[in-house]
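Counting in the UniProt record's numbering, the sequence shown runs from 1 upward without gaps.
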Amino acid sequence: MACATKRRWRAARRPSSRTSRTTCIPSTGTSSSELERLSNLVGKPSENHPLHNSGLLSLDPVQDKTPLYSQLLQAYKWSNKLQYHAGLASGLLNQQSLKRSANQMGVSAKRRPKAQPTTLVLPPQYVDDVISRIDRMFPEMSIHLSRPNGTSAMLLVTLGKVLKVIVVMRSLFIDRTIVKGYNESVYTEDGKLDIWSKSNYQVFQKVTDHATTALLHYQLPQMPDVVVRSFMTWLRSYIKLFQAPCQRCGKFLQDGLPPTWRDFRTLEAFHDTCRQ
Numbered sequence: 001m002a003c004a005t006k007r008r009w010r011a012a013r014r015p016s017s018r019t020s021r022t023t024c025i026p027s028t029g030t031s032s033s034e035l036e037r038l039s040n041l042v043g044k045p046s047e048n049h050p051l052h053n054s055g056l057l058s059l060d061p062v063q064d065k066t067p068l069y070s071q072l073l074q075a076y077k078w079s080n081k082l083q084y085h086a087g088l089a090s091g092l093l094n095q096q097s098l099k100r101s102a103n104q105m106g107v108s109a110k111r112r113p114k115a116q117p118t119t120l121v122l123p124p125q126y127v128d129d130v131i132s133r134i135d136r137m138f139p140e141m142s143i144h145l146s147r148p149n150g151t152s153a154m155l156l157v158t159l160g161k162v163l164k165v166i167v168v169m170r171s172l173f174i175d176r177t178i179v180k181g182y183n184e185s186v187y188t189e190d191g192k193l194d195i196w197s198k199s200n201y202q203v204f205q206k207v208t209d210h211a212t213t214a215l216l217h218y219q220l221p222q223m224p225d226v227v228v229r230s231f232m233t234w235l236r237s238y239i240k241l242f243q244a245p246c247q248r249c250g251k252f253l254q255d256g257l258p259p260t261w262r263d264f265r266t267l268e269a270f271h272d273t274c275r276q
């Protein structure tokens, strides 16, 4: 009897499972509604990224530290602009295409004009006479002519006790020049003129660059002797390489170098930066 009473007392205190389920249903419904509301606030990500899958980099929360997306987007815009301008250039070039074929021009191959030679083939004796006259024009300059490779002449020009210049010629046209110091060796181990090694001093490397520019300036294919004489006159102006001040700043040295530039017309001395 006592046991039955005790069981009834425990059953009365135990909550009903139906009551518990009834209480949880409103709570679950509230959470579901809140989740749906928050999900609606999140915008739907675009499916068409300008950079395809790389567009997902825009979702990186540390954009200021890893700006990959902005950089890729800028590169994409630049590539599109480059492609657009390349298309315009291609259209313009196609409108003005060169007709290199004789058949396209309607000209018979037999009537095609012969190509004119770009250089004059002069006899070696004439070249020797021109160099000899130039040598007599400038007492401070000695010119030694040699032909180690056949008819092409090579000149070793010694300008006082300042510098030496190796001049490689093709007929009476100057191909290249290499300027070195007066005390530097201009020969290889086998006794030939070294036309490949540059000077060990920066000042003469600068003069070599300026001499190359001078060759491009003095161009007169129909009168090569005038070109050689003009170049040698310009080269002779370096007799006072370490004595003439800059005509613009008035200084002898700038960055440890003397005025290495010589004006092609007036032959005045300038530092490389002062001639601008």
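Built from N, CA and C at the ideal position, the CB exists for glycine as well.
Excluding the 5 residues preceding and the 5 following Leu193 in the sequence, name in chain order all residues of the same chain whose CB lies nearer than 8 Å to its CB. The residue labelled residue 193 in the question sits at position 193 within the sequence shown. For Leu193, where only same-chain residues beyond five positions count, the Cβ hits under 8 Å are Ser146, Pro148, Met154, Leu156, Ile166, Val186 and Tyr187.
Going by C-alpha to C-alpha distance, which of Asp128, Leu159 and Asp255 sits closest to Pro139? As a first step, residue 139 is located in the sequence shown; it is residue number 139 there, counting from the start. Taking only the C-alpha atoms, the option nearest Pro139 is Leu159.
Rank Leu267, Thr266, Phe231 and Trp261 by C-alpha distance to the C-alpha of Cys274 and give the top, closest one. As a first step, residue 274 is located in the sequence shown; it is residue number 274 there, counting from the start. Trp261 is the residue among Leu267, Thr266, Phe231 and Trp261 whose C-alpha sits nearest the C-alpha of Cys274.
With a cut-off of 8 Å on the beta carbons, I'd call Lys240 and Phe204 a contact; round off their distance for me. Taking the first residue of the sequence shown as position 1, residue 240 is located at position 240. Taking the first residue of the sequence shown as position 1, residue 204 is located at position 204. The C-beta separation of Lys240 from Phe204 comes to about 15 Å, leaving the pair out of contact by the 8 Å criterion.
What first and last residue would you give for the alpha helix (DSSP H) that runs through Met232? As a first step, residue 232 must be located in the sequence shown, where it is residue number 232. Note, Met232: alpha helix (DSSP H), Pro224 to Arg236.
Output yes or no for whether 7 Å exceeds the beta carbon distance between Ser171 and Leu235. Locating residue 171 in the sequence shown gives position 171, counting from the first residue. Locating residue 235 in the sequence shown gives position 235, counting from the first residue. Not closer than 7 Å, so no.
Grouping DSSP H, G and I as helix and E and B as strand, with all else coil, what is Ser171? Along the sequence shown, read from residue 1 onward, the residue named residue 171 stands at position 171. Ser171: coil per DSSP, three-state reduction.
Compare the C-alpha of Asn200 against each of Lys164, Ser230 and Glu189 and name the closest. The residue labelled residue 200 in the question sits at position 200 within the sequence shown. Closest by alpha carbon: Lys164.
The region 124-138 touching the region 226-234, judged by at least three CB pairs closer than 8 Å: Output reads yes: the region 226-234 touches the region 124-138.
Leaving out the 5 sequence neighbours to the left and right, which residues in its chain are closer than 6 Å to Ser70 when beta-carbon positions are compared? Taking the sequence shown and counting its residues from 1, the one referred to as residue 70 is at position 70. Cβ within range, chain order: n/a, list empty.
To the nearest angstrom, how far is the alpha carbon of Phe264 from that of Lys206? Your numbering for residue 264 matches position 264 in the sequence shown. Your numbering for residue 206 matches position 206 in the sequence shown. Using only the alpha carbons, I get a separation of about 16 Å.
Under 7 Å between C-beta atoms of Pro258 and Phe270: Sequence index remark: in the sequence shown, residue 258 carries index 258 (1-based). Sequence index remark: in the sequence shown, residue 270 carries index 270 (1-based). Taking 7 Å as the Cβ cut-off, Pro258 and Phe270 do not qualify as a contacting pair.
What does the alpha-carbon distance come out to for the pair Ser197 and Leu68? To locate residue 197, count along the sequence shown from 1; it is residue 197. To locate residue 68, count along the sequence shown from 1; it is residue 68. Distance between the alpha carbons of Ser197 and Leu68 is about 48 Å.
Best match in Gln247, Tyr126, Pro224 and Leu92 for proximity to Gln276 [C-alpha to C-alpha]: For the purposes of this step, residue 276 is taken as the residue at position 276 of the sequence shown. The shortest CA-to-CA distance from Gln276 to any of Gln247, Tyr126, Pro224 and Leu92 is the one to Gln247.
Can you give me the C-alpha to C-alpha distance between Glu268 and Asn80, rounded to a whole angstrom? Start at 1 with the first residue of the sequence shown, and residue 268 comes out as number 268. Start at 1 with the first residue of the sequence shown, and residue 80 comes out as number 80. Here the alpha carbon of Glu268 sits roughly 50 Å from the alpha carbon of Asn80.
Which residues in the same chain have their Cβ closer than 6 Å to the Cβ of Gln222, if we skip the five residues on either side of it in sequence? Here the question's residue 222 lines up with position 222 in the sequence shown. Non-local beta-carbon contacts of Gln222 in its own chain, meaning distances under 6 Å to residues more than five positions away in sequence, are absent.
Tell me which residue opens and which closes the alpha helix (DSSP H) that Val203 is part of. Locating residue 203 in the sequence shown gives position 203, counting from the first residue. Unbroken alpha helix (DSSP H) run through Val203: Gln202 to His217.
Output yes or no for whether 7 Å exceeds the beta carbon distance between Pro224 and Phe173. Residue numbering aside, residue 224 sits at position 224 when the sequence shown is read from its first letter. Residue numbering aside, residue 173 sits at position 173 when the sequence shown is read from its first letter. Yes, these two residues count as a Cβ contact at 7 Å.
Below 7 Å between beta carbons: does that hold for Ala211 and Thr177? Here the question's residue 211 lines up with position 211 in the sequence shown. Here the question's residue 177 lines up with position 177 in the sequence shown. Contact flag set, yes.
What residues are listed by DSSP as bridge partners for Met154? In the sequence shown, the residue the question calls residue 154 occupies position 154. Met154 is bridged to Ser146 and Val168.
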